[in-house]
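Residue 27 is where the sequence shown starts when you use my numbering, and the numbers rise one by one after that. Note that the Cβ used here is the ideal one computed from N, Cα and C, for glycine as well. Keep in mind the model is a prediction, meaning the values are calculated, not measured. So the structure is just underneath, and the comments pick up after that.
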Amino acid sequence: MKKYYIALIVLLMAIIPCCAKSSKKDAFVMTFRSVSMAEGLKLMSQDNDYVLLDVRRPAEYAEGHIPGAILHTNELMTKENTELLLKNKDRTICVYCRSGRRSKDASKKLVSYGYTNVIEIGGINDYSGELRQGL
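Take a look at the structure:
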């Protein structure tokens with residue numbers, strides 16, 4: 027009889043941990059990559075299929091932006107207007123602002139909207155190349 031109790035206890039000890047719920051989320055969390063401006067420019071030179079997104083305000087963009095950049099103001103960014111602008115959610119999107127704060131915020135938004143290849147490259151303050159003016 028003692029053998030049966032021991033076997034039952036061992037069996038319960040093996041089964042109970044299998045029934046417990048994990049406190050960690052099992053879902054895969056998408057995120058963006060954060061690199062320096064120099065590294066971002068190098069990545070863009072190696073990939074012809076990318077979008078360069080300037081998430082500053084229109085007046086800042088008009089004062090000077092990286093050639094080829096598209097204005098998409100962080101404060102006005104919604105899922106709907108982003109999907110109208112950026113149809114391919116798997117395309118490389120390089121995001122910058124003035125110093126890096128807004129580009130991080132915008133990158134988080136893009137990932138939450140389902141974009142899978144977002145690279146945050148910091149701020150235009152770290153850019154030493156030619157700037158284009160105007161809208």
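| Check | Outcome |
| --- | --- |
| CA-to-CA distance, ILE145 to ARG59, given in whole angstroms | 5 angstroms |
| SER137 (DSSP reduced to helix, strand or coil) | The residue you asked about is not Ser; residue 137 is Val in the sequence shown. In this structure, VAL137 counts as helix in the three-state DSSP scheme. |
| Between the CA atoms of GLY149 and MET63 - distance to the nearest angstrom | 7 angstroms |
| Three-state secondary structure (DSSP) of TYR87 | helix |
| C-beta contact flag for TYR141 and LYS105 at 7 angstroms | no |
| Whole-angstrom distance between LYS68 and HIS98, CA atom to CA atom | 22 angstroms |
| Enclosing alpha helix (DSSP H) for THR108 [first to last residue] | 105-111 |
| Neighbourhood of ASN143 by C-beta, 8 angstroms cutoff - its chain only, sequence neighbours within 5 removed | ASP116, ARG117, THR118, ILE119 |
| Straight-line Cα distance separating GLN159 from LYS113 | 26 angstroms |
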